[in-house]
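Chemist: Chains as they are written, first to last, in the numbering used here: chain A, 1 to 406; chain B, 1001 to 1406.
This is the structure I have questions about; it appears just below.
Protein chains: 2
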Amino acid sequence: MNLEIIKGGVTSPKGFKSSGVSTGLRKENAKDLALIFSDKICTSCGVYTQNKVKGAPILVTKEHLKDHKAQAVIINSGNANTCTGDKGIENAEKMCSSSGEILDLKGSDVLVASTGVIGVQLDIDTINKTIPTLVESLSKKGYIDSTRAIMTTDTVPKTAALKLQLGGKTVTIGAMTKGSGMIHPNMATMLCFITTDANISSELLYKALKESVKISYNRISVDRDTSTNDMALIMANGLAENPIIEDENEDYKLFCEALKTMNVHLAKMMAKDGEGATKLVECKVINASNEKDAETLGKSVISSNLVKTAMFGCDANWGRILDAMGYAGPDFNINKLQLSVESKSGSIEVFKNGNPIEFSEELAAKILSENEVLILANMNSGSYTVSCWGCDLTYDYVKINGSYRS
Amino acid sequence: MNLEIIKGGVTSPKGFKSSGVSTGLRKENAKDLALIFSDKICTSCGVYTQNKVKGAPILVTKEHLKDHKAQAVIINSGNANTCTGDKGIENAEKMCSSSGEILDLKGSDVLVASTGVIGVQLDIDTINKTIPTLVESLSKKGYIDSTRAIMTTDTVPKTAALKLQLGGKTVTIGAMTKGSGMIHPNMATMLCFITTDANISSELLYKALKESVKISYNRISVDRDTSTNDMALIMANGLAENPIIEDENEDYKLFCEALKTMNVHLAKMMAKDGEGATKLVECKVINASNEKDAETLGKSVISSNLVKTAMFGCDANWGRILDAMGYAGPDFNINKLQLSVESKSGSIEVFKNGNPIEFSEELAAKILSENEVLILANMNSGSYTVSCWGCDLTYDYVKINGSYRS
Chain A
1 MNLEIIKGGV
11 TSPKGFKSSG
21 VSTGLRKENA
31 KDLALIFSDK
41 ICTSCGVYTQ
51 NKVKGAPILV
61 TKEHLKDHKA
71 QAVIINSGNA
81 NTCTGDKGIE
91 NAEKMCSSSG
101 EILDLKGSDV
111 LVASTGVIGV
121 QLDIDTINKT
131 IPTLVESLSK
141 KGYIDSTRAI
151 MTTDTVPKTA
161 ALKLQLGGKT
171 VTIGAMTKGS
181 GMIHPNMATM
191 LCFITTDANI
201 SSELLYKALK
211 ESVKISYNRI
221 SVDRDTSTND
231 MALIMANGLA
241 ENPIIEDENE
251 DYKLFCEALK
261 TMNVHLAKMM
271 AKDGEGATKL
281 VECKVINASN
291 EKDAETLGKS
301 VISSNLVKTA
311 MFGCDANWGR
321 ILDAMGYAGP
331 DFNINKLQLS
341 VESKSGSIEV
351 FKNGNPIEFS
361 EELAAKILSE
371 NEVLILANMN
381 SGSYTVSCWG
391 CDLTYDYVKI
401 NGSYRS
Chain B
1001 MNLEIIKGGV
1011 TSPKGFKSSG
1021 VSTGLRKENA
1031 KDLALIFSDK
1041 ICTSCGVYTQ
1051 NKVKGAPILV
1061 TKEHLKDHKA
1071 QAVIINSGNA
1081 NTCTGDKGIE
1091 NAEKMCSSSG
1101 EILDLKGSDV
1111 LVASTGVIGV
1121 QLDIDTINKT
1131 IPTLVESLSK
1141 KGYIDSTRAI
1151 MTTDTVPKTA
1161 ALKLQLGGKT
1171 VTIGAMTKGS
1181 GMIHPNMATM
1191 LCFITTDANI
1201 SSELLYKALK
1211 ESVKISYNRI
1221 SVDRDTSTND
1231 MALIMANGLA
1241 ENPIIEDENE
1251 DYKLFCEALK
1261 TMNVHLAKMM
1271 AKDGEGATKL
1281 VECKVINASN
1291 EKDAETLGKS
1301 VISSNLVKTA
1311 MFGCDANWGR
1321 ILDAMGYAGP
1331 DFNINKLQLS
1341 VESKSGSIEV
1351 FKNGNPIEFS
1361 EELAAKILSE
1371 NEVLILANMN
1381 SGSYTVSCWG
1391 CDLTYDYVKI
1401 NGSYRS
């Protein structure tokens, strides 16, 4: 099946509206409050950060999803509502109940997410005062505003949609994500909201979400810092009227495939837009003896500060790649390893049979100056392939994070 | 006992000489070849990198230390002799045999270490040609030259000595270390050469070394990148003539205490001189329920890019500290945690009882502008204390590592 990413976002599936507005709390009145609403109650589930320190919205959303049902999500940026004690929980609940009231929903059918600085209480009064405008603004076109409203240091809005055929019906999946710093996923990371009009059981919706997150958001890193607030939520309202997916049949497989395509697309967008980044760096580990080791090796490479600065400097200092593989944990046979570096400007092999290979430094610099670079590690030890995505480490990363709160 | 660091280095103990010269291979003819020699054969042992990719010198030195005996160490900087296949092993052996020949030692009584770029064959002919000068230059004052010769991106030579009384005899310990980038120890990291005239069994010498490395070099990080070449070696020639230490008696305890004092001193010097660093950042975890968790939490804090950039920006963005503790792994009770930030300019408490505490941003900035900053995490859960040391992440780190090979 040809699964193509199309223009659109969380409002592309039938029955979804969205909006994004400014509370006036952020610099230059940037949009900072977003809402997604479904005409019909949705089957819904999420995956969450594995950080032991969890933001209040994580705790509240988990609680509200105990019945696998939701009809709206409210999200603020600029403040993570984390390390804020009981008051933080109370404020997260208020965001749900206030918006639920106007939308005529139970507060527990509204989910909540936050992103921004840790350790500061929300200005809940200002948020509450803005919620009526937020609800009034709900529309099909509103996905553009909501995608903007969840951005923090992101420089590019991250939104996508795709369509597939299930049981003779057109099913649509839409999503928006944010994330640029504090990105090193463990289960879920960053914020990701996926909507679909697919008709699917909550068990299989969760399974499909988990599997797609594992190979997309869980395989990117910007700075090795796993956030306290990250979550990926999915809401399925069934309005496509496809035969309900209750078994792992062909339709389920197609749906999973579509979800993976979408999430890998957005994960790569996130890595490429990493704080201060000038390029997307993919590490593809092929012919590995198992998937877990391949993932650990690939993630170690794209997370290494020394690899990342070399990528920034367009320096084919491949010893740092081997170093990062070496401290990753898994055993591997260095004499079987073949290492090469590629981009649309060409390809160079740098290491084989336990020995360095001479290469043209000029070509190497040209390859690395592209904005998408591939590090290919052929383990020659099995049949597993894993891709991980990261970015370079630049002066701008230091600049952005040396003065985040100000 | 008053254990004070004094001026000196690897030649401070009786019977040791050292030298450092230039092979002409490095920029501006920087010194790049060092030698330590003992008049008498030494009891010797080492701890090594846990990286699966190991430099040739690691393999050769391990082999030569199988009999726990050594009389000299030769070290080059500028080239790690790693990922260099059989030729690399051959070259590391040649460094030992060539210097052994002139010193009238078996090649297997000479140890070897290398640091620098990975994946390039050594220019062994040039090194061989320089070895006679290196041997001729051996002297008591030569510790200054050898300490310089092992530096790469280090900006400060790291050398120290101390004296203690054992069984009525004065015992001296001297050491030199190097390390500024690719620093995230696992067992040993960086290069560290310790000499002593103590009379001690090889078993207890190893035990003392391992324990002191665990709480010093294994608790620093510059960039989370564990190197392929790092080792800490100790050589004890017994010339102090103290009663031989063969049991874990009072003398052994004193010797351990002295070794720990020395290694913590040098470890802190290394963290403070981390590539591009402007300050030393200590994370002290106190009243923890066990040592291992305290170490994991502390190391996660000093390794976090987001904490490190905040330190550079003098921004008391303490949420990042909690975030780094949260993803470190160990469970802890956030409601018991008290967090404060200190330096010689003052102290501020930022988090207690699960809630943020208001503080003066002005004072915070002043505290963080000092060149030694302490992050104090009181777990209020037990009696264990662990300190870990790192540095800030700066523009200069990116600059240095974006162009290392050139």
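The C-beta atom is built at its ideal place from N, Cα and C for all residues, glycine as well.
Keep in mind that this is a model prediction, so the values were computed, not measured.
Output, in chain order, the set of chain A residues within a Cβ distance shorter than 7 Å of B/Ile1334.
Modeler: If you number the second sequence from 1, residue 1334 of chain B lands on position 334. Within 7 Å Cβ-Cβ: Val53.
Chemist: Using DSSP with H/G/I as helix, E/B as strand and the rest coil, what is A/Ser347?
Modeler: Position 347 of the first sequence, counting from 1, holds the residue named residue 347 of chain A. In the structure shown, A/Ser347 sits in a strand (DSSP, three-state: E or B).
Chemist: Does the CB of A/Met325 have a neighbour CB from chain B at under 9 Å?
Modeler: One-based indexing of the first sequence puts residue 325 of chain A at position 325. Yes - at least one Cβ of chain B is within 9 Å of the one on A/Met325.
Chemist: Counting only beta-carbon atoms, is A/Asp420 nearer than 9 Å to chain B?
Modeler: Nothing about residue 420 of chain A can be reported from this structure: the residues present for chain A run from 1 to 406 only.
Chemist: Can a CB atom of chain B be found closer than 9 Å to the CB of A/Gln71?
Modeler: Taking the first residue of the first sequence as position 1, residue 71 of chain A is located at position 71. Chain B, which has no Cβ nearer than 9 Å to the Cβ of A/Gln71, makes this no.
Chemist: For B/Tyr1327 and A/Gln50, I'd like the C-alpha separation in whole angstroms.
Modeler: In the second sequence, the residue the question calls residue 1327 of chain B occupies position 327. In the first sequence, the residue the question calls residue 50 of chain A occupies position 50. Roughly 7 Å separates the two Cα atoms.
Chemist: How many angstroms separate the CA atom of A/Val281 from the CA atom of B/Glu1361?
Modeler: Within the first sequence, the letter at position 281 stands for residue 281 of chain A. Within the second sequence, the letter at position 361 stands for residue 1361 of chain B. Going from the Cα of A/Val281 to the Cα of B/Glu1361 covers about 38 Å.
Chemist: Using a Cβ-Cβ distance under 9 Å, would A/Trp389 count as near chain B?
Modeler: As a first step, residue 389 of chain A must be located in the first sequence, where it is residue number 389. Not one chain B Cβ lies under 9 Å of A/Trp389.
Chemist: Quick check: the Cα distance between B/Lys1279 and A/Arg320, rounded to an integer number of angstroms?
Modeler: Numbered from 1 along the second sequence, position 279 holds the residue referred to as residue 1279 of chain B. Numbered from 1 along the first sequence, position 320 holds the residue referred to as residue 320 of chain A. When rounded, the distance between both Cα atoms is 25 Å.
Chemist: For chain A, check one thing: does any of its Cβ atoms lie closer than 9 Å to the Cβ of B/Asp1315?
Modeler: Here the question's residue 1315 of chain B lines up with position 315 in the second sequence. Cβ-Cβ to chain A under 9 Å: yes for B/Asp1315.
Chemist: May I ask you to list the residues that DSSP assigns as paired with A/Leu16?
Modeler: In the first sequence, residue 16 of chain A corresponds to position 16, counting from 1. Before going on, a small fix: residue 16 of chain A reads as Phe here, not Leu. Beta-bridge pairing links A/Phe16 to A/Ser38.
Chemist: Determine the contact status of B/Ala1324 and B/Ser1303, defining contact as a CB-CB distance below 9 Å.
Modeler: Residue 1324 of chain B sits at position 324 when you count from the first residue of the second sequence. Residue 1303 of chain B sits at position 303 when you count from the first residue of the second sequence. In this structure, B/Ser1303 lies closer than 9 Å to B/Ala1324 by Cβ.
Chemist: Based on the DSSP output, what are the partners of A/Tyr384 in its beta bridges?
Modeler: On the first sequence, position 384 is the one that residue 384 of chain A refers to. Answer is A/Ala288.
Chemist: Could you name the residues of the stretch 1285 to 1300 of chain B whose beta carbon sits closer than 7 Å to any beta carbon of chain A, in the order they occur along the chain?
Modeler: Cβ contacts with chain A: none found.
Chemist: How should B/Gly1329 be labelled, buried or exposed, when 16 other C-beta atoms within 10 angstroms of its C-beta is the threshold for buried?
Modeler: Looking up residue 1329 of chain B in the second sequence gives position 329. With fewer than 16 Cβ atoms within 10 Å of its Cβ, B/Gly1329 is classed as exposed.
Chemist: What's the call for B/Ser1139, buried or exposed, on a 16-neighbour Cβ count within 10 Å?
Modeler: Position 139 of the second sequence, counted from the start, is the residue given in the question as residue 1139 of chain B. The residue is exposed, with fewer than 16 neighbouring Cβ atoms inside 10 Å.
Chemist: Could you check how far apart the C-beta atoms of A/Ile89 and A/Val60 are, in whole angstroms? I think they sit under 8 Å.
Modeler: The residue labelled residue 89 of chain A in the question sits at position 89 within the first sequence. The residue labelled residue 60 of chain A in the question sits at position 60 within the first sequence. Yes, A/Ile89 and A/Val60 are in contact; Cβ-Cβ is about 6 Å, under 8 Å.
Chemist: Could you list the residues in the stretch 348 to 360 of chain A with a C-beta less than 8 Å from some C-beta on chain B, going in chain order?
Modeler: If the cut-off is 8 Å between Cβ atoms, the stretch 348 to 360 of chain A has Val350, Phe351, Asn353, Gly354, Asn355, Pro356 near chain B.
Chemist: So, at 7 Å on beta carbons, what are the nonlocal neighbours of A/Ala258 in its own chain, with the 5 sequence-adjacent residues on each side left out?
Modeler: Residue mapping note: residue 258 of chain A aligns to position 258 of the first sequence, counting from 1. Excluding sequence neighbours, A/Ala258 sits near Leu3, Leu162, Leu164, Ile173.
Chemist: Would you verify that the beta carbon of B/Ser1403 is, or is not, closer than 9 Å to some beta carbon of chain A?
Modeler: For the purposes of this step, residue 1403 of chain B is taken as the residue at position 403 of the second sequence. It does; some Cβ of chain A falls within 9 Å.
Chemist: Take B/Gly1008 and list the residues in its own chain whose beta-carbon comes closer than 6 Å to its own, dropping the five residues that flank it on each side.
Modeler: For the purposes of this step, residue 1008 of chain B is taken as the residue at position 8 of the second sequence. If we look at B/Gly1008 and ignore the five residues flanking it on each side, its Cβ neighbours are Ala1161, Gly1174.
Chemist: Give me the residue from A/Gly168, A/Tyr395, A/Ala288, A/Ile74 with the minimum Cα distance to A/Asp331.
Modeler: Numbered from 1 along the first sequence, position 331 holds the residue referred to as residue 331 of chain A. Answer by Cα proximity: A/Ala288.
Chemist: Closer than 7 Å, Cβ to Cβ, to anything on chain A: give me those residues from the stretch 1023 to 1049 of chain B, in chain order.
Modeler: Listed by position, the residues of the stretch 1023 to 1049 of chain B near chain A (Cβ gap below 7 Å) amount to none.
Chemist: Using only the alpha-carbon positions, how far apart do B/His1068 and B/Leu1376 sit?
Modeler: As a working note, residue 1068 of chain B is residue 68 in the second sequence. As a working note, residue 1376 of chain B is residue 376 in the second sequence. For B/His1068 and B/Leu1376, the distance between alpha carbons rounds to 41 Å.
Chemist: Quick check: the Cα distance between A/Ile41 and A/Val73, rounded to an integer number of angstroms?
Modeler: Taking the first residue of the first sequence as 1, we reach residue 41 of chain A at position 41. Taking the first residue of the first sequence as 1, we reach residue 73 of chain A at position 73. If I take the Cα positions, the gap works out to 12 Å.
Chemist: How would you label A/Asp247, buried or exposed, when you count the other beta carbons within 10 angstroms and need 16 or more for buried?
Modeler: Mapped onto the first sequence, residue 247 of chain A falls at position 247. Label assigned to A/Asp247: exposed.
Chemist: DSSP state of A/Cys96, grouped into three classes?
Modeler: Counting from one through the first sequence, the residue named residue 96 of chain A turns up at place 96. In this structure, A/Cys96 counts as helix in the three-state DSSP scheme.
Chemist: Determine whether the beta carbon atoms of A/Leu25 and A/Asn81 lie at a separation below 9 Å.
Modeler: One-based indexing of the first sequence puts residue 25 of chain A at position 25. One-based indexing of the first sequence puts residue 81 of chain A at position 81. For A/Leu25 and A/Asn81, no; Cβs fall outside 9 Å.
Chemist: Would you kindly work out how many angstroms separate the C-alpha atoms of B/Asn1380 and B/Phe1359, rounded to a whole number?
Modeler: Taking the first residue of the second sequence as position 1, residue 1380 of chain B is located at position 380. Taking the first residue of the second sequence as position 1, residue 1359 of chain B is located at position 359. Rounded to the nearest angstrom, the two C-alpha atoms are 22 Å apart.
Chemist: If you reduce the DSSP assignment to three classes, tell me which class B/Lys1062 lands in.
Modeler: Along the second sequence, read from residue 1 onward, the residue named residue 1062 of chain B stands at position 62. Correct three-state label for B/Lys1062: helix.
Chemist: Using a threshold of 9 Å, state whether the C-beta atoms of B/Phe1255 and B/Ile1075 are closer than that.
Modeler: By 1-based counting over the second sequence, the position of residue 1255 of chain B is 255. By 1-based counting over the second sequence, the position of residue 1075 of chain B is 75. Not in contact: B/Phe1255 and B/Ile1075 (Cβ atoms no closer than 9 Å).
Chemist: For A/Ala365, verify whether its CB is less than 8 Å away from any heavy atom of the ligand SAH.
Modeler: In terms of ligand content, the structure shown is empty, and the ligand SAH therefore cannot be addressed.
Chemist: Could you tell me which residues DSSP puts in a beta bridge with A/Gly174?
Modeler: For the purposes of this step, residue 174 of chain A is taken as residue 174 along the first sequence, with counting starting at 1. Its beta-bridge partners are A/Ala161, A/Thr195.
Chemist: Between A/Cys83 and chain B, is there a C-beta pair that is closer than 9 Å?
Modeler: For this step, residue 83 of chain A is matched to residue 83 along the first sequence. Cβ-Cβ to chain B under 9 Å: yes for A/Cys83.
Chemist: Give a yes or no on whether 9 Å exceeds the smallest Cβ distance from B/Tyr1397 to chain A.
Modeler: Taking the first residue of the second sequence as position 1, residue 1397 of chain B is located at position 397. At least one chain A Cβ lies under 9 Å of B/Tyr1397.
Chemist: Quick check: what's the CA-CA separation for B/Ala1240 versus B/Lys1260?
Modeler: One-based indexing of the second sequence puts residue 1240 of chain B at position 240. One-based indexing of the second sequence puts residue 1260 of chain B at position 260. If you take the alpha carbons of B/Ala1240 and B/Lys1260, they lie about 20 Å apart.
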